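Once you know that position 125 of the sequence shown is 192 in this note's numbering, the rest is easy, because the numbers rise by one and skip nothing.
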Amino acid sequence: MTPPEPSPLPAAVRLESVAKSFGRGAAAVLDDLSAAIASGEFVSLLGPSGCGKSTVLRLVAGLGGPTAGRVGVAAAKDEVAFVFQDPTLMPWATAWDNVYLPLRLRGESRPAACERVDAALERVGLADSARLRPSQLSGGMRMRVSLARALVTAPRLLLLDEPFAALDEITRQRLGDELLGLWAEHQWTVLFVTHSVYESVYLSDRVLVMSAGPGRIAEEIAIDLPRPRDASTRSDPRYAALCERASAALAYS
Ligand SMILES: Nc1ncnc2c1ncn2[C@@H]1O[C@H](COP(=O)(O)OP(=O)(O)OP(=O)(O)O)[C@@H](O)[C@H]1O
């Protein structure tokens with residue numbers, strides 16, 4: 068008798084044969100896309116521009132539904148946080164008030180929220196910049212505010228849409244390391260969208276390479292590099308080999 072199949076790991080996110088098109092008769096943006104993300108896993112979606120990465124993220128966030136298939140998320144809507152490429156901060160408000168916003172929208176008073184807002188700013192290294200407005204902050208600092216605004220709600224699932232794409236390479240790497248540090252501490256489930264092969268391999272437990280027209284998962288690459296990751300990771304021959312593999316998958320996607 069063949070042993071029963073092991074039951075699948077409890078998934079934090081499960082996409083089953085998902086299709087998405089915008090409007091009647093429009094070409095499908097996603098078709099028959101399936102993927103699962105385990106609780107606490109850091110997964111990157113890597114793919115060419117326009118292949119539907121942001122569309123996947125939006126479906127997982129519950130911003131619109133699939134045309135066909137099923138999107139399952141094991142978290143309540145207010146346990147999901149979204150970080151966009153553009154920090155989308157309120158320009159007239161201080162860093163502190165920008166981070167307070169999601170709690171204010173939940174009806175929490177400033178005194179009740181104060182400790183958590185301070186802690187979120189502290190976590191991203193901006194405790195001393197709380198009173199500054201976005202125009203007084205660098206691009207990297209604005210992205211930190213955006214990250215703090217996502218973290219202040221204590222999410223279980225963190226969705227990041229090319230959060231570091233507009234930043235210079237050094238800032239990008241530094242923020243990537245900070246994100247990994249916070250993730251190691253809190254064990255959120257992370258779905259990270261990027262164009263960058265190097266960024267996806269460095270950060271992730273698994274890279275899902277998407278193909279375009281219509282978007283689906285072309286290849287799944289397990290990143291078995293040791294953690295914590297640091298400068299030595301980038302000079303590890305295994306890192307180079309995984310980047311090469313992801314590049315090849317991207318080229319053929
Ligand atoms: N609300 C919408 N209405 C119509 N078409 C849309 C909508 N949202 C996305 N699309 C289309 O879906 C396709 C995929 O877009 P999406 O933003 O998901 O791709 P992406 O892989 O994230 O791209 P990029 O890497 O350039 O950000 C594009 O052709 C886009 O024009």
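Where is the CB? At the ideal position from N, CA and C, for every residue including glycine. All values derive from a computational prediction rather than experimental measurement.
Could you give the DSSP three-state label for residue i: helix, strand or coil?
{"i": "G206", "result": "helix"}
{"i": "T134", "result": "coil"}
{"i": "T45", "result": "Missing from the structure shown is residue 45; the chain here goes from 68 to 320 and no further."}
{"i": "R81", "result": "strand"}
{"i": "I104", "result": "strand"}
{"i": "D185", "result": "helix"}
{"i": "G248", "result": "helix"}
{"i": "S213", "result": "helix"}
{"i": "L275", "result": "strand"}
{"i": "A285", "result": "strand"}
{"i": "M68", "result": "Low local confidence applies: a pLDDT of 49 at M68 is under 50, so the model's placement there is unreliable, with the coordinate-based value given in what follows. If DSSP states are grouped into helix, strand and coil, M68 belongs with coil."}
{"i": "V219", "result": "coil"}
{"i": "S176", "result": "coil"}
{"i": "L224", "result": "strand"}
{"i": "L97", "result": "strand"}
{"i": "S88", "result": "strand"}
{"i": "P73", "result": "Because P73 sits at a pLDDT of 49, beneath the cut-off of 50, its placement in the model cannot be relied upon, and the following sentence gives the value as read from the coordinates. Note: P73 maps to coil in three-state DSSP."}
For the alpha helix (DSSP H) that contains residue i, what are its first and last residues?
{"i": "A194", "result": "Per DSSP, A194 belongs to no alpha helix (DSSP H) and is neither H nor E."}
{"i": "S299", "result": "A298 to R301"}
Hey, quick one: how far does the beta strand (DSSP E) through residue i stretch, first residue to last?
{"i": "A307", "result": "Where A307 is concerned, there is no enclosing beta strand (DSSP E), although the alpha helix (DSSP H) it sits in stretches over P304 to A318."}
{"i": "V110", "result": "F109 to L113"}
{"i": "L234", "result": "Looking at the DSSP string, L234 is not in any beta strand (DSSP E), and its letter there is neither H nor E."}
Excluding the 5 residues flanking residue i on each side, which residues of the same chain have their C-beta closer than 6 Å to its C-beta?
{"i": "S141", "result": "The residue you asked about is not Ser; residue 141 is Ala in the sequence shown. Only A79 meet the Cβ criterion."}
{"i": "V264", "result": "C310, A313 and S314"}
{"i": "E236", "result": "none"}
{"i": "G139", "result": "R81"}
{"i": "S196", "result": "A162"}
Leaving aside the five residues before and after residue i along the sequence, list all residues of the same chain whose C-beta is less than 8 Å from its C-beta, in chain order.
{"i": "G107", "result": "A79, Q254, W255 and T256"}
{"i": "P158", "result": "R200, P201 and S202"}
{"i": "P279", "result": "According to the sequence provided, residue 279 is Ala. The question's Pro does not apply to it. Closer than 8 Å at the Cβ level, and outside the excluded window around A279, lie G114, P115, G117, C118, G119 and S320."}
{"i": "Q330", "result": "A question about residue 330 goes unanswered here, because the residues of the chain that appear run from 68 up to 320."}
{"i": "A86", "result": "A95, L97, D98, D99, L100, P133, T134, A135, G136 and P281"}
{"i": "M68", "result": "Only weak support exists for where M68 lies, its pLDDT of 49 falling under 50; the coordinates are left without a value."}
Looking at residue i and ligand 2, is the gap between the Cβ and the nearest heavy atom below 7 Å?
{"i": "F89", "result": "As presented, the structure is devoid of ligand 2, carrying ligand 1 as its sole ligands."}
Quick one: residues in its chain with C-beta nearer than 7 Å to the C-beta of residue i, no 5 flanking neighbours on either side, listed in chain order?
{"i": "T261", "result": "S111, L113, E229 and S267"}
{"i": "V274", "result": "S111, L113, S267, V268, I288, I290 and A313"}
{"i": "R125", "result": "G131"}
{"i": "S176", "result": "none"}
{"i": "L193", "result": "A162, M208, R211, V212 and A215"}
Count the CB pairs spanning the stretch 114–133 and the stretch 182–194 that are closer than 8 Å, and state whether there are at least three. no
Taking contact to mean at least 3 C-beta pairs separated by less than 8 Å, is the stretch 162–177 in contact with the stretch 214–224? yes
Any chance you could list the beta strand (DSSP E) runs of at least 3 consecutive residues sitting entirely within the stretch 124–171, in chain order? 135–140 and 147–150
Stretch pair the stretch 221–232 + the stretch 140–160: three plus CB contacts closer than 8 Å: yes
Should the stretch 224–243 be regarded as contacting the stretch 198–212, the criterion being three or more beta carbon pairs within less than 8 Å? yes
Does the stretch 117–130 come close enough to the stretch 84–102 to have 3 or more Cβ pairs within less than 8 Å? yes
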